[in-house]
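Numbering (the numbering used here) for the sequence shown: 974 to 1248. In this text, a Cβ means the ideal position worked out from N, Cα and C, and glycines have one as well. Presented below is the structure to which this report refers.
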Amino acid sequence: AETRLLAEADVVVLTDASCSFEGWHRASAGVATVAPDMAAAIRSRARVPLFTAMAAFESHVSTDLDAFVVCADLDSPLWYASRSASKPGLRFDTGTPDCWTLVSRPAFAASEIQGTEMQDPHTGAFRPQEDAYLNGRDGPAERLVSAFEAALGGQPLGKPTYLQGQRWGSAFPAPVRQFASVAAAGEYRSVEEAGVGGSRVEVMGVTYETATPDLRPTPGASATRDGEQDFFMDTAAGLYYASDFCSTRVPGVEAAVLSALDAAEHILGTVESSQ
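Laid out in structure tokens, this is it:
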């Protein structure tokens, strides 16, 4: 294959956790070969998998809720549902489809991945997501719609006019810290100290967290400990990795942005000192 130099850079910053995989994954980026220690550090964090579905219904779904979390039925595949028309600037007009985004529980997603692996069990090759599986009869998208109906009291919604499922094998990292039990409310401890160590499964060398995390904002101005860095780096390769996957904060936008800022500050100092 032809190799071309596209550009030169002092450093390269990566943000996708899948870049740490070996060459079987489309997003591997060769990090496992060029910076194996950094790739191993990224892979060491358990992943919270999710399935989502975008479903459009011909008739208006009869509920006053714009969004909701399923709390009563912990065995439900559905974790969260949101009406698209509730977003700022959007509205539902009579005669137009009522669109909803459905998000699964991690346990449901992990079970699906155990049954339909992301790699061919014989060759190890990446198995792309196929609509026949995602949206087919008794597939993950259809089961999320059924769980959505059940969460709304069993009201018949009819067959969706549009349905598209999606697998997120690395939706976000498993928390490394968690709020303690009610008896110690307000304390923010490691998962082990808080006594809420998650249930984890391993599928073809990838560790998945099946427990539904408590995604509260991180308490305090900063949740990093003294001397901690919110990023990974391989100075010899000129590679940085910034993401909530290398942060001790609660997974999500907050952790990802602060990780990027921490990495940017370090890169700026390194580049300036070398000039």
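Rounded distance between the beta-carbons of residue j and residue i, thought under 8 Å
{"i": "SER1057", "j": "CYS1072", "result": "4 Å"}
{"i": "GLU1182", "j": "ALA1019", "result": "5 Å"}
{"i": "LEU1125", "j": "VAL1076", "result": "Not a contact, Cβ separation roughly 15 Å."}
{"i": "VAL1042", "j": "SER1049", "result": "Going by Cβ atoms, the distance from VAL1042 to SER1049 rounds to 11 Å, so no, they are not a contact pair."}
Residues sharing a beta bridge with residue i, DSSP
{"i": "ARG1056", "result": "TRP1073"}
{"i": "TYR1135", "result": "ALA1029"}
{"i": "GLN1092", "result": "PHE1099"}
{"i": "PRO1009", "result": "According to DSSP, which records beta bridges pairwise, PRO1009 is partnered with nothing at all."}
{"i": "ARG1020", "result": "PRO1146 and TYR1181"}
{"i": "ASP1048", "result": "Its beta-bridge partners do not exist; DSSP assigns none."}
{"i": "PHE1041", "result": "ALA1054"}
{"i": "ALA1215", "result": "PHE1204"}
CA-to-CA distance, residue j to residue i, given in whole angstroms
{"i": "ALA1167", "j": "PRO1148", "result": "Note that ALA1167 scores 44 on pLDDT, short of 50, meaning its location in the model is unreliable and no value can be drawn from it."}
{"i": "ASP1010", "j": "SER991", "result": "15 Å"}
{"i": "GLU995", "j": "ALA1098", "result": "10 Å"}
{"i": "ASP1187", "j": "PRO1224", "result": "10 Å"}
{"i": "GLN1139", "j": "SER1017", "result": "24 Å"}
{"i": "ALA1040", "j": "ALA1123", "result": "15 Å"}
{"i": "SER1220", "j": "VAL1226", "result": "11 Å"}
{"i": "ASP1066", "j": "ALA980", "result": "49 Å"}
{"i": "ASN1108", "j": "ALA1114", "result": "5 Å"}
{"i": "VAL986", "j": "TYR1214", "result": "6 Å"}
{"i": "TYR1161", "j": "GLY1131", "result": "The predicted position of TYR1161 is uncertain, since its pLDDT is 45 and thus under 50; a value taken from the coordinates is nonetheless stated next. Looking at the two C-alpha atoms, the distance is approximately 44 Å."}
{"i": "PHE1068", "j": "ASP989", "result": "Here the sequence assigns Gly to residue 1068, which means Phe is not the residue at that position. Near 40 Å, if we compare the C-alpha coordinates of ASP989 and GLY1068."}
{"i": "MET1177", "j": "ARG999", "result": "16 Å"}
{"i": "ASP1203", "j": "ILE1015", "result": "12 Å"}
Where the beta strand (DSSP E) through residue i begins and ends
{"i": "ALA1124", "result": "Not the beta strand (DSSP E): ALA1124 falls in the alpha helix (DSSP H), residues 1113-1124."}
{"i": "ASP1207", "result": "1204-1207"}
{"i": "LEU1188", "result": "That residue, LEU1188, is in no beta strand (DSSP E); it is neither H nor E in DSSP."}
{"i": "VAL1176", "result": "1173-1176"}
{"i": "VAL1034", "result": "First-last for VAL1034: undefined, no H or E at that position."}
{"i": "LEU1063", "result": "Segment: none, LEU1063 is in no beta strand (DSSP E) and carries neither H nor E."}
Residue interval of the alpha helix (DSSP H) (run including residue i)
{"i": "THR1243", "result": "1226-1247"}
{"i": "ALA1105", "result": "1104-1107"}
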